[in-house]
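For the sequence shown, position 74 matches number 156 in our numbering, and the numbering has no gaps at all.
Here a beta-carbon is modelled for each residue, glycine too, at the ideal position from N, C-alpha and C.
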Amino acid sequence: MKVLHINASARDDKSQSLRLADVFIDEFRKKRNDIIIDRFDLFHDELPEFGAIASGAKMALFTGTEQTAEQKSVWDNARAVFDRFAEADVYVFNIPLWNNGMPYILKQFIDVVTQPGWAFGFDMEKGYTGLLTNKKAFVVHASGVYRDGIAPNFGSDFSSPYFRDWLNFVGVEDIHEVKFMPTVVNNDIENTYLTAEKETKALISHF
Ligand SMILES: Cc1cc2nc3c(=O)[nH]c(=O)nc-3n(C[C@H](O)[C@H](O)[C@H](O)COP(=O)(O)O)c2cc1C
């Protein structure tokens, strides 16, 4: 079984979301001895840009025109990232909240891999269909101030609903989430961590 761990934190060994993703992976290893882990560190590993040439390549597909040689080459680079993504049976994502949304690097990853015919299909009558079926995802969200139920002056979380919606969009429906919140403005962070850790360990039963 192939597991792709996508680390969207820039904080390396200080990352709170990564700490929980690692707990999940340790538990998973204890449960199954056949898992192969591929870790994609979005802030360190090679991730192509998705700019003028790539969006031109995408629109050429939409409009049924031939891609230029330059567009084809950029498209092949995006395809390599998609293939690495599509190969996995299980996804582990750890995602910090940045300015009430997700870190830009994760959105870049989404924009690279979410392509017609790869991640989704489209039909004029039925609309979109996700193509990455029969996969499961474990997702950790961490935020420093925001927590569910906090007063509006303390921010919002557009990251976790967007991320869940995107997973559904590409066909991943079996999603299990843990929220480690808040990680900074918190007088009892150890207890908040222990609760999140307990939830993480309990969720392993779904995998
Ligand atoms: C660029 C940046 C933006 C942030 N924006 C928010 C925010 O909008 N709301 C919040 O509650 N915390 C915010 N934080 C705090 C992080 O969400 C918090 O430190 C969390 O633990 C980050 O996850 P990590 O430890 O895995 O990197 C921000 C941190 C950084 C570095």
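heavy atom of ligand 1 below 7 Å from residue i C-beta
{"i": "Thr277", "result": "no"}
{"i": "Arg93", "result": "yes"}
{"i": "Pro264", "result": "yes"}
{"i": "Trp180", "result": "yes"}
{"i": "Tyr244", "result": "no"}
{"i": "Gly231", "result": "no"}
{"i": "Ala224", "result": "yes"}
{"i": "Val195", "result": "no"}
{"i": "Val221", "result": "no"}
{"i": "Ser137", "result": "no"}
{"i": "Asn176", "result": "yes"}
{"i": "Leu100", "result": "yes"}
{"i": "Gly237", "result": "yes"}
{"i": "Tyr228", "result": "yes"}
{"i": "Ser155", "result": "no"}
{"i": "Ser287", "result": "no"}
Beta carbon of residue i nearer than 8 Å to that of residue j
{"i": "Pro198", "j": "Leu143", "result": "yes"}
{"i": "Gly183", "j": "Leu213", "result": "no"}
{"i": "Ser242", "j": "Glu255", "result": "no"}
{"i": "Ala170", "j": "Lys84", "result": "yes"}
{"i": "Val172", "j": "Phe289", "result": "yes"}
{"i": "Phe106", "j": "Ile271", "result": "no"}
{"i": "Gly203", "j": "Thr211", "result": "yes"}
Counted within 10 angstroms of its Cβ, other Cβ atoms place residue i as buried (16 or more) or exposed
{"i": "Tyr186", "result": "exposed"}
{"i": "Asp239", "result": "buried"}
{"i": "His223", "result": "buried"}
{"i": "Phe245", "result": "buried"}
{"i": "Phe110", "result": "buried"}
{"i": "Ala151", "result": "exposed"}
{"i": "Asn273", "result": "exposed"}
{"i": "Thr196", "result": "buried"}
{"i": "Ser155", "result": "exposed"}
{"i": "Ser225", "result": "buried"}
{"i": "Ala278", "result": "buried"}
{"i": "Lys140", "result": "buried"}
{"i": "Phe236", "result": "exposed"}
{"i": "Phe63", "result": "The structure shown does not extend to residue 63, since the chain is modelled only from 83 to 289, so the question has no answer here."}
{"i": "Leu188", "result": "buried"}
{"i": "Ala136", "result": "buried"}
{"i": "Lys217", "result": "buried"}
{"i": "Ala219", "result": "buried"}
{"i": "Thr147", "result": "exposed"}
Whole-number beta carbon distance between residue j and residue i, since they are thought to touch under 8 Å
{"i": "Ile119", "j": "His87", "result": "6 Å"}
{"i": "Leu257", "j": "Val221", "result": "The sequence given here places Ile at residue 257; Leu does not occur at that position. So it is a contact: roughly 6 Å between Cβ atoms."}
{"i": "Phe191", "j": "Leu124", "result": "6 Å"}
{"i": "Ala103", "j": "Asn89", "result": "7 Å"}
Point to revise | Segment contact, 8 Å Cβ cut-off, at least three pairs: the stretch 127 to 135 with the stretch 152 to 172 | key: yes
Quick test of the definition: if touching needs 3 or more C-beta pairs under 8 Å, does the stretch 171 to 181 touch the stretch 88 to 99? yes
- request: Determine contact between the stretch 226 to 237 and the stretch 255 to 266, defined as no fewer than three beta-carbon pairs at a distance below 8 Å.
  value: yes
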